[in-house]
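So the structure is just underneath, and the comments pick up after that.
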Amino acid sequence: MPTSFTVVPVEAQGEERQRDGQLREEEDEGDERDRGAGDGIARESSPFINCAELGRGNMYEGKNMALFEEEMDSNPMVSSLLNKLANYTNLTQGVVEHEADEDSKRKEVKGPRMGTFIGVYLPCLQNILGVILFLRLTWIVGTAGVLESFIIVFMCCACTMLTAISMSAIATNGVVPAGGSYYMISRSLGPEFGGAVGLCFYLGTTFAGAMYILGTIEILLTYISPSAAIFKVADVGEETEAMLNNMRVYGTCIVILMAIVVFVGVKYVNKLALVFLACVILSIIAIYAGVIKTAFDPPDFPICLLGNRTLSKRSFDVCAKFTESNNETKTTSLWRLFCDSSLLNATCDDYFSLNNVTEIQGIPGIMSGVLTGQKSTYLVFSHMIGQLASFSNKNQCGLFSQSYQDNLWSVYSEKGSIVEKKDHPSVAGSEESKMGGLPYVFTDIMTYFTMLVGIYFPSVTGIMAGSNRSGDLKDAQKSIPTGTILAISTTSFIYLSCIVLFGACIEGVILRDKFGEAVNGNLVVGTLAWPSPWVIVIGSFFSTCGAGLQSLTGAPRLLQAIARDGIVPFIQIFGHGKANGEPTWALLLTVGICEIGILIASLDSVAPILSMFFLMCYMFVNLACAVQTLLRTPNWRPRFKYYHWTLSFLGMSLCLALMFICSWYYALIAMLIAGCIYKYIEYRGAEKEWGDGIRGLSLNAARYALLRVEDGPPHTKNWRPQLLVLLNLDNEQLVKHPRLLSFTSQLKAGKGLTIVGSVLQGIYLDKCTKTQKAEENVKALMGVEKTKGFCQIVVSPNFRDGISYLIQSAGLGGMKHNTVLMAWPQSWKQTENHFSWKNFVDTVRETTAAQQALLVAKNIDLFPTNQERFTEGNIDVWWIVHDGGMLMLLPFLLRQHKVWRKCKMRIFTVAQMDDNSIQMKKDLQMFLYHLRLNAQVEVVEMFENDISAFTYEKTLMMEQRSQMLKQMQLSKNEREREAQLIHDKNTASRSAPAVEASVAAAVPEKVQMTWTKEKFVAEKHKNKDTNVSGFKDIFNMKPNQSNVRRMHTAVKLNGVVLNKSQHAQLVLLNMPGPPKNRKGDENYMEFLEVLTEGLDRVLLVRGSGREVITIYS
């Protein structure tokens, strides 16, 4: 077992004893001060590791860790780290309400106390069970039938269960602060996905608030107080429009009232949450109690049918055509609705005259109405679990009644059609009879399977309620999976059982009667409840009110969390609020968006909208879990083990399918909104590094691609310029020629790799800070110039080696540069210039040796910026020698950019004495045709002629200058030597003879340290005579014939180029290679200077020796 020990030197033992005594005295004093803390050890006041207010004295006490003292600011001791982690409390990262702030003047903060049941299970139950269960589930069962309703509910519940499994894995992979799904998605998939899906989740939560408010008003005006309607029905057929207007007015008032409640204090909303939850639970218990009661005492809710058509009882009281009173037949109010008078011989509606009025029981009950005797309880429940096929007695009622057989299948209808009972006898009347104004029960919207999915899905949302409260839980990593999955299981059982029970107990026409018009305007599910329908009505009213309040409470905080992350710049204002942190601005925006849903005014129209946003959110939760699982990142270690990437992928696919099943155009709109937000964050948003899975996926994909690319060199068809851009930096680490990056971005139509490199002279340890500053400056300029690529700064003792390092080592694997772009050294004739002509020539040689292409931009400061546009002009290519097609490819790439798009491409080639210029032009045109390049071709003839005196003189001046530079360099060395000799003489004259002798003995024998006046004068005259004779030789020299011929070519070619391309926007020219003899390097620079003289913008191109363009497909 390893043991911790300290080695104390023998010499220092006495000092150690003294220090130990002092330390004991200090510890005794500290014990007196800190005894109240318990153990006498001073604790850090902050739970965060990198806190600036750490007790440094306690941390550095003792000398056992003296070796690490200088690094403890960034690398804390293990004991300190563990202490902080043990004391860490995961409190809700929300706001401090001013009501609680006034009351809480205590110093201690109580830890979170909520467990799985109170903290996760009940909130999820309250959020999942809601308005759709009470207002729309019976209508969905009646319209889609039991079987298809079962499929709808099963799909939606399976979607949320799979999402809950993925969410549990993410939520248990470390601490999840308050923020719920937004936090999980953004930290797992990155800020772009997080921001996009977070805003979609915010919009879904906001529209959910609108849906709950609309449900509240529907319950109020339809079932509680219909007389409270502001807009009355004036004419027949205006019922729907009047109802929508009432919804808009009341909805606006209620949303303002709820906003005031939220603004005043969330404390009241939280206190009422238990009341709202109790209403939901009591309502569901009342439904089950009512189902049980129907087995022996079904409620009395008769339905009036005319033929097989359902009649609305809002307009009459007696379900009959005639009544007998005192042996006298009288017509009823129903007669007067279908006939033109109350007389028996009145003219009546054709269908009314041909069919009888009958009355059936709306709720036959689970066991009542059996013709041959009641079935046993065993048979009842065996039928409920799916053994319907084993029973064929169609004369039974209840579970085995014909009504159940009718409710088993779907009955979809058009808008405005009459709700009919199919198995009831009827006689068709004349088709011309008008149904408007007659007391039938009509369908208000067209129904079909996918529409019902969109309306139902909001009833299974709310599974994030537990994860949103993660900061208030005792053990979030245990409570969130358990509570959420149990809540989904419970609600799924409730929904699925309700579908079967509704289909078994309630008549089909009542189920399809959305607003309960056939049962005197009662809530349909309320007719089944016990002890009274008002239990469901009141319970659902308060339940929807509470859900609306919670939506208006949660949505602004979600928006505030996104705004404070700073990933979406235009919503950062919504991160501010009151002094206590209340999201005031976010609440105002939420109320405004909620008002949009209120103005839509139809619950059936709002539900599919929020379904889209919630489904998108759940889809990305599943994607996040699948990506993290497949990447197998070391940090992916969820405590929840019952997950698999296939389940996450299945959940993601199911969410995507449900989006398009609900509404394909809503799905496309939601995706478009999310995509626009994603691209906006990517383009303008703040860069965040959250260790997200998408970045990990990119790294894995990049690694895989790099290994594939490494297999061999790219084919000519895949070749593109992978640029290494060599930048010069000034003393402030700023880029000297920013236009070089502008030109780089203009050239990147090939979408290849770009590495921007530069060299700092010195030692890395000394230049570390300057290197970081230089890298920041270069990256900032790359952002301004929109140059997509990487930055690499190299520190080297000299520029020459630094550039060599970049050329050799920049890039990774197959993603290495194949082209070097640099600026022409304008001040190459000044020897003080760091980037001298020698460095330039060596760079040319190294790119050639590395088989890399070289682009040299001359007069780079005259090149256009990315904002400029050439409306006309030419890009002239002077194709002197074949370089693999680089000269052809570069103009094509440049013309893809908007700066050069309107420039025309011209290609010039040079014909010699023996060449057929006409045939050359034809061949070149055919070659360009096969290359699919549009360019004007011209062949320039250059005949041999005598070397001009100008060329001879220019060559002579060049060589004289070169020789003079050498002599100046030599004379500089001589002057330095002369100064050293004088210094040595003065030193020797002042020194003592003994010292002089010792110095003379210490230096080599070749250096004479004792000087006389005669020797000094002789040495001085000797140097002067040498210099004078050297300068005389310069003016008597004759030029080298090879240099004369080179100069002749440069002068003559320059004249031809000036004649044709002096006004071109850009001239591309073959760059001749440097001489093999290094003694002529300075002459090489002069040749290039002469070759490009008089041209504004020149790009010298030197190919890599391989073909980069092909005529083949």
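Every letter in the sequence shown is one number past the one before it in this note's numbering, and letter 391, counting from 1, is 427. The beta-carbon is built from N, C-alpha and C at its ideal position, and this holds for glycine as well.
My output table needs one value for residue i: the three-state DSSP class, helix, strand or coil.
| i | result |
| --- | --- |
| M695 | helix |
| M150 | strand |
| R345 | strand |
| S361 | strand |
| V463 | coil |
| L967 | coil |
| F352 | coil |
| F478 | strand |
| V877 | helix |
| K894 | strand |
| T383 | coil |
| E228 | helix |
| T855 | strand |
| V167 | helix |
| E977 | strand |
| V1087 | helix |
| V34 | Lying before the first or after the last residue shown, residue 34 is absent from the chain, which here runs from 37 to 1149. |
| V657 | helix |
| A947 | strand |
| L559 | coil |
| V571 | helix |
| L585 | helix |
| V447 | coil |
Sort out for me which residues DSSP pairs residue i with in a bridge.
| i | result |
| --- | --- |
| G793 | L762 and Q828 |
| L1104 | V913 and L1135 |
| K940 | N910 |
| Q397 | P338 |
| E456 | R345 |
| Q972 | R942 |
| T367 | F358 |
| A662 | Answer by DSSP bridge pairing: none, since A662 is not bridged. |
| C375 | C384 |
For residue i versus residue j, is the C-beta distance shorter than 8 Å?
| i | j | result |
| --- | --- | --- |
| N895 | C939 | no |
| T823 | L777 | yes |
| A554 | K349 | yes |
| P970 | M941 | Position check: residue 970 holds Asn in this sequence, whereas Pro was assumed. A contact, by the Cβ cut-off of 8 Å. |
| F578 | V167 | no |
| S953 | V975 | yes |
| L690 | L250 | no |
| T652 | V354 | A small fix is needed here, since residue 652 is Met in this sequence, not Thr. Result no, Cβ atoms of M652 and V354 do not sit closer than 8 Å. |
| E456 | T346 | yes |
| G628 | V642 | no |
| P619 | G613 | yes |
| V814 | V830 | no |
| G825 | L789 | yes |
| I15 | L341 | The structure shown does not extend to residue 15, since the chain is modelled only from 37 through 1149, so no value can be given for it. |
By a C-beta neighbour count over all protein chains shown, 10 Å radius and 16 as the cutoff for buried, is residue i buried or exposed?
| i | result |
| --- | --- |
| V463 | exposed |
| S515 | buried |
| D336 | exposed |
| P1029 | In this predicted model, P1029 has a pLDDT of only 48, less than 50, meaning its place in the structure is not dependable; the value taken from the coordinates is given anyway. With fewer than 16 Cβ atoms within 10 Å of its Cβ, P1029 is classed as exposed. |
| W445 | exposed |
| F529 | exposed |
| G473 | exposed |
| V1134 | buried |
| D912 | buried |
| R60 | Note on R60: pLDDT 49, under 50, position unreliable in the model; the coordinate value appears next. R60 should be labelled exposed. |
Contiguous beta strand (DSSP E) assignments of at least 3 residues, all confined to the stretch 302-349: 338-342
Continuous alpha helix (DSSP H) assignments of at least 4 residues falling wholly in the stretch 509-554: 512-541 and 544-547
Secondary structure, alpha helix (DSSP H): runs of 4+ residues fully inside the stretch 604-635: none
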